[in-house]
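A.B. asks: Just so we're aligned, residue 941 is where the sequence shown starts under this note's numbering, counting upward by one.
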Amino acid sequence: MRDRMNLSLPVEMIGRIRDLADRKRLTRSAVVEAAVESFLSPDHADMQEAALTRRLDRLSRQVARLERDQHITVETLALFVRFWLTITPPLPEEDQSAVQAKGRERFDGFVETLGRRLQKANSFVDELAEESPAP
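Okay, structure coming up:
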């Protein structure tokens, strides 16, 4: 059994209802009925809270992984710099300008290679994962 109810809604909302009904090939009444039913559902708030909790848990895990990965990256870089500084002997004054020019050339090549890899979304970590044997 159905009963008629007249109500007033903002013009923008009526437009959104009409657009959704057209896209879903439903009547406007069916769209409004589904929205009201969802709103009146006793577990609607619980369902929303559970969904929000799941999303927050997922985001928390992602942030934790990012923090861990960043920590690993910083430690790796620090160890590399310490190692490099430890094993690299100082250069004689007469060789420094030539070595600095070569260093700038190598750095420019590094930046160019990095740019290409980032454009292709080809990461070194992915390559390592592909090369390492499965446990």
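For each residue, glycine too, the CB sits at the ideal point set by N, CA and C.
Note that the structure is predicted; figures quoted are calculated from it, not measured.
Have a look at V1014 and F1020 and give me their C-alpha separation to the nearest angstrom.
C.D. replies: Looking up residue 1014 in the sequence shown gives position 74. Looking up residue 1020 in the sequence shown gives position 80. Their backbone Cα atoms lie some 10 Å apart in a straight line.
A.B. asks: Go ahead and label V1065 buried or exposed: buried means 16 or more other beta carbons lie within 10 angstroms of its beta carbon, across all protein chains shown.
C.D. replies: For the purposes of this step, residue 1065 is taken as the residue at position 125 of the sequence shown. When all chains shown are included, V1065 counts as exposed.
A.B. asks: Within 10 angstroms of its Cβ, does V971 collect 16 or more other Cβ (buried), or is it exposed?
C.D. replies: As a first step, residue 971 must be located in the sequence shown, where it is residue number 31. Burial call: buried.
A.B. asks: At what residues does the alpha helix (DSSP H) containing E1034 begin and finish?
C.D. replies: As a working mapping, residue 1034 is identified with position 94 in the sequence shown. Here E1034 belongs to no alpha helix (DSSP H), and DSSP marks it neither H nor E.
A.B. asks: Have a look at L1006 and I954 and give me their C-alpha separation to the nearest angstrom.
C.D. replies: Along the sequence shown, read from residue 1 onward, the residue named residue 1006 stands at position 66. Along the sequence shown, read from residue 1 onward, the residue named residue 954 stands at position 14. When rounded, the distance between both Cα atoms is 43 Å.
A.B. asks: Just the Cα atoms here: how many angstroms apart are H1011 and R1022?
C.D. replies: Stepping through the sequence shown from its first residue, residue 1011 is reached at position 71. Stepping through the sequence shown from its first residue, residue 1022 is reached at position 82. Answer to the nearest angstrom: the Cα atoms are 16 Å apart.
A.B. asks: I'd like to check one pair, A974 with R968: are the Cβ atoms closer than 7 Å?
C.D. replies: On the sequence shown, residue 968 is found 28 positions in, with the first residue counted as 1. On the sequence shown, residue 974 is found 34 positions in, with the first residue counted as 1. The answer is no: Cβ separation not under 7 Å.
A.B. asks: To the nearest angstrom, report how far apart M987 and T1026 are at their CA atoms.
C.D. replies: Position 47 of the sequence shown, counting from 1, holds the residue named residue 987. Position 86 of the sequence shown, counting from 1, holds the residue named residue 1026. Between M987 and T1026, the C-alpha separation is close to 58 Å.
A.B. asks: Which two residues bound the contiguous alpha helix (DSSP H) that contains D1066?
C.D. replies: Reading the sequence shown from its first residue, position 126 is the one you call residue 1066. F1064 to E1071 is the extent of the alpha helix (DSSP H) around D1066.
A.B. asks: Nearest-angstrom Cα distance between M945 and V951?
C.D. replies: Within the sequence shown, the letter at position 5 stands for residue 945. Within the sequence shown, the letter at position 11 stands for residue 951. Approximately 18 Å between the Cα atoms of the pair.
A.B. asks: Might you give, ordered along the chain, the residues of its own chain that have their beta carbon closer than 6 Å to the beta carbon of V1039, omitting 5 neighbours on each side?
C.D. replies: Within the sequence shown, numbered from 1, the residue matching residue 1039 stands at position 99. Only L1031 meet the Cβ criterion.
A.B. asks: The alpha helix (DSSP H) spanning A974 covers which residue range?
C.D. replies: Residue mapping note: residue 974 aligns to position 34 of the sequence shown, counting from 1. Residues R968 to L980.
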